[in-house]
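Single-structure report; data block below.
Protein chains: 2
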Amino acid sequence: MPLDIQPLLNYISNHVTLSPQEEAILKEHVSVRSYLKGQYVLQQGDVCKTSSFILKGCVKMFYVDETGHEHIIMLGVEDWWTSDIGSFINQTPADFNIQCLEDTHFAQFHFDSIDLIYERVPKLERFFRKVTERGLAAALNRIIRNFSMTAKDRYLVFKENYPSIEQRIPQYLVASYLGITKEFLSKIKSQLAVEE
Amino acid sequence: MPLDIQPLLNYISNHVTLSPQEEAILKEHVSVRSYLKGQYVLQQGDVCKTSSFILKGCVKMFYVDETGHEHIIMLGVEDWWTSDIGSFINQTPADFNIQCLEDTHFAQFHFDSIDLIYERVPKLERFFRKVTERGLAAALNRIIRNFSMTAKDRYLVFKENYPSIEQRIPQYLVASYLGITKEFLSKIKSQLAVEE
DNA sequence: CGAAAATTTGACATGACTCAACTGGAGTGG
DNA sequence: CCACTCCAGTTGAGTCATGTCAAATTTTCG
């Protein structure tokens with residue numbers, strides 16, 4: 000019994016309404032794929048071939064700099080998209096890695112068939128346009144937060160945006176997402192505890 | 000003699016090829032508008048009604064935080080798009096201001112007619128999808144640079160990405176774009192001068 | 001030329017990092 | 001059920017990148 004893509008269909012229906020025929024075409028072109036905890040969906044330097052919707056599980060997208068430090072760009076859980084979009088659209092080597100933090104199931108769109116999907120189901124092109132617009136708005140807000148807020152405040156915002164993710168992933172990943180060291184996050188938390 | 004939108008048509012033709020009829024529809028729905036240096040295209044708190052392509056001129060998009068400090072999210076020159084995309088797509092109050100740094104001419108798409116444009120010219124929906132995808136990729140790269148690079152290196156990258164813009168805008172705006180103070184940028188520059 | 005705006009410089013303050021040591025669970029295997 | 005290890009998290013001392021503030025200097029432009 001294969002995992003079904005119902006969560007993806009629900010998600011799509013928030014943005015566009017597909018006819019049964021369109022849904023059938025969609026299903027032809029989406030593949031469900033599972034990865035184990037620790038597995039890489041994408042490695043820096045490889046070309047990103049898929050745009051992946053997370054049906055179940057949790058991933059990190061991160062960049063490793065010249066000094067070997069990891070920087071988390073995105074943490075993804077259920078109903079999030081993950082791909083190195085720059086690598087995907089240009090089919091150039093990826094800047095980022097994507098790795099599973101839990102056993103994770105994806106619904107994947109492949110670069111080789113994505114233009115065909117857009118041709119056959121223009122509503123899906125609309126859907127991806129909207130998803131990308133939201134992603135861009137979120138990224139700009141993140142840039143602003145990094146510029147205008149202290150690490151402590153960014154942590155508080157993070158807890159609102161990702162409620163309960165702290166129970167799923169280790170703290171040093173949260174620190175990396177916030178752009179700070181694990182030691183400093185630890186100090187922030189102990190300071191917040193005192194303030195209670 | 001109104002300004003014409005040829006730069007926009009050229010830009011669009013890099014992504015999609017419009018028929019003469021499609022181009023005619025486009026022209027019906029685009030309005031050209033000019034602003035003087037210093038004028039606001041959008042103010043924080045207002046709803047962003049337009050997505051604007053810069054035909055000629057230069058703008059800054061910025062956020063003013065609670066302490067009154069300006070943070071520049073984007074500097075736009077010819078052939079760039081500018082809008083508070085979050086405000087535009089949801090028609091909610093804008094987080095950002097957009098202000099002209101020179102007398103500036105725009106080709107503007109209005110929220111009220113954008114869906115109609117997408118219906119009548121699906122190629123333009125494709126065009127905006129692609130533009131947004133590129134914008135998202137650029138925003139993610141900026142996030143990474145802010146995390147992994149020192150201010151000095153970000154400045155060097157900036158000079159590559161925006162060649163010649165330093166002749167058009169004051170240095171304190173560059174500093175704000177880089178997320179540092181004008182004083183610190185000044186120190187970086189004098190240090191770079193010594194290294195020669 | 002003169003005034004306002006932009007830039008530079010210096011002294012000092014601070015948020016955040018580094019490194020190293022330590023604590024405390026969660027396996028694992030005997 | 002204990003001993004061992006491993007990994008995440010904590011804590012502290014010292015350091016560095018960058019910020020703040022104030023004064024001096026240069027540039028721009030009416």
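Protein chains in written order, with numbering that gives the first Met the number 0: chain X, 0 to 195; chain Y, 0 to 195.
Note that beta-carbon positions come from the ideal geometry of N, C-alpha and C, so glycine has one too.
Model, not experiment: these values are computed from the prediction.
Asked: Neighbour list for P169/X in chain Y, Cβ cutoff strictly below 9 Å; Found: Those do not exist, as P169/X stays about 19 Å from chain Y at its closest Cβ, beyond 9 Å.
Asked: Validate contact between the segment 41-50 of chain X and the segment 87-94 of chain X using beta carbons, cut 8 Å, 3 pairs; Found: yes
Asked: CB contact check: L139/Y to chain X, cutoff 8 Å; Found: yes
Asked: Closer than 8 Å to chain Y by CB, F127/X; Found: yes
Asked: First through last residue of the beta strand (DSSP E) which encompasses E69/Y; Found: E69 to G75
Asked: Cβ contact check for the segment 69-77 of chain X and the segment 118-129 of chain X: 3 or more pairs under 8 Å; Found: no
Asked: Contact set between N145/X and chain Y, taken where Cβ atoms lie within less than 9 Å; Found: I142, N145, F146 and G178
Asked: Whole-angstrom distance between D111/Y and S86/X, CA atom to CA atom; Found: 33 Å
Asked: Proximity test, Cβ basis, 8 Å: H70/Y and chain X; Found: yes
Asked: H68/Y, buried or exposed, once every other Cβ within 10 Å from all chains shown has been counted against 16; Found: exposed
Asked: The segment 16-33 of chain Y / the segment 128-144 of chain Y touching (three or more Cβ pairs under 8 Å); Found: no
Asked: Residue-chain proximity (G44/X, chain Y), Cβ-Cβ < 8 Å; Found: no
Asked: Spatially closest choice to V130/Y from Y176/Y, L8/Y, V40/Y and H14/Y, by CA coordinates; Found: H14/Y
Asked: Opposing strand residues paired with P169/Y [DSSP bridges]; Found: Answer by DSSP bridge pairing: none, since P169/Y is not bridged.
Asked: DSSP-derived helix/strand/coil call for A192/X; Found: helix
Asked: Contact belief for I4/Y with V31/Y at Cβ below 8 Å, rounded distance in angstroms; Found: 6 Å
Asked: Alpha-carbon to alpha-carbon, T49/Y and L17/Y; Found: 22 Å
Asked: Outcome for L100/X when other beta-carbon atoms lying within 10 angstroms are tallied against a minimum of 16; Found: buried
Asked: Residues near L172/Y by beta carbon distance below 8 Å, same chain, minus five either side; Found: K59, I71, L74 and L100
Asked: Status (buried if at least 16 other CB within 10 Å, exposed otherwise) for N160/X; Found: exposed
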